[in-house]
Each structure stands twice: as structure tokens, then as C-alpha cells.
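**Student:**
Numbering (my numbering), first residue to last: -16 to 65.
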């Protein structure tokens, strides 16, 4: 089972150093500890940042890490991935 709070914390930690506002997924890459191969894991959920990008339903730009992570979580929930 996925711990949504843990997963959200991983996303915030990975994406918070991006230079907000961000206008595309490429704006996030320099902030990621392992670039696009940065992996997020909780319970039976495991996905790299590159894979995550293919699952997002949100629309850029994002003004803050919280705005971005809120959309990431919503997209994953809407697709029954978490």
C-alpha cells in the first residue's frame, strides 16, 4: 500500500529546489538529485521522474512546489496509480 504522505514528501523534497515559477518539465531536471532517473518509491509504487512526467495531467506554469506536487498527486490518484 502506498503511503501518500511519504510519497508527497519525496516529491516536495525532489522538486522544491527548482527555480519557480516553472514553465515546463525541463525546468525541474536541474533540481532532481539524479536527474530524470530520480526514483520515487512507496509501498508498491515505484516510478522515475521521467516516467512520472508521462502521467501528469496538470498544466504549466506552476508558481510553487506545492502547486506542482498537488497536481502530481491528483494525476496519480485519478489514474489509480496511488
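Backbone N, C-alpha and C fix where the C-beta goes; we use that ideal spot for every residue, glycine too. A quick note: this is a predicted structure, and the numbers were derived from the prediction, not measured.
#1: Given a cut-off of 8 Å, decide if residue 41 and residue -14 are closer than it, judged by their beta-carbon atoms.
#2: Quick check on the DSSP output: what are the complete beta strand (DSSP E) runs of length 3 or more inside the region 17 to 42, in order along the chain?
#3: Return the first residue and the last residue of the alpha helix (DSSP H) that residue -5 is part of.
#4: Could you tell me if residue 30 is buried or exposed, where buried requires 16 or more neighbouring beta carbons within 10 angstroms of its beta carbon?
#5: Relative to the C-alpha of residue 21, which candidate in -3, 8, 2 has its C-alpha closest?
#6: Could you tell me whether the Cβ atoms of residue 48 and residue 12 are closer together than 8 Å?
**Tutor:** So, to answer that:
#1: By one-based count along the chain shown, residue -14 stands at place 3. By one-based count along the chain shown, residue 41 stands at place 58. Here residue -14 is not near residue 41, since their CB atoms are 8 Å or more apart.
#2: Fully enclosed beta strand (DSSP E) runs of 3 or longer: 22 to 25, 28 to 31.
#3: Taking the first residue of the chain shown as 1, we reach residue -5 at position 12. If you look at residue -5, you'll find it in the alpha helix (DSSP H) that goes -13 to -2.
#4: Counted from its first residue, the chain shown places residue 30 at position 47. Using a 10 angstroms sphere on the CB of residue 30, the tally of other CB atoms reaches 16 or more, which defines it as buried.
#5: Here the question's residue 21 lines up with position 38 in the chain shown. Checked all of -3, 8, 2; the closest Cα to residue 21 is -3.
#6: Mapped onto the chain shown, residue 48 falls at position 65. Mapped onto the chain shown, residue 12 falls at position 29. Contact annotation: residue 48 and residue 12 have beta-carbon atoms that are not nearer than 8 Å.
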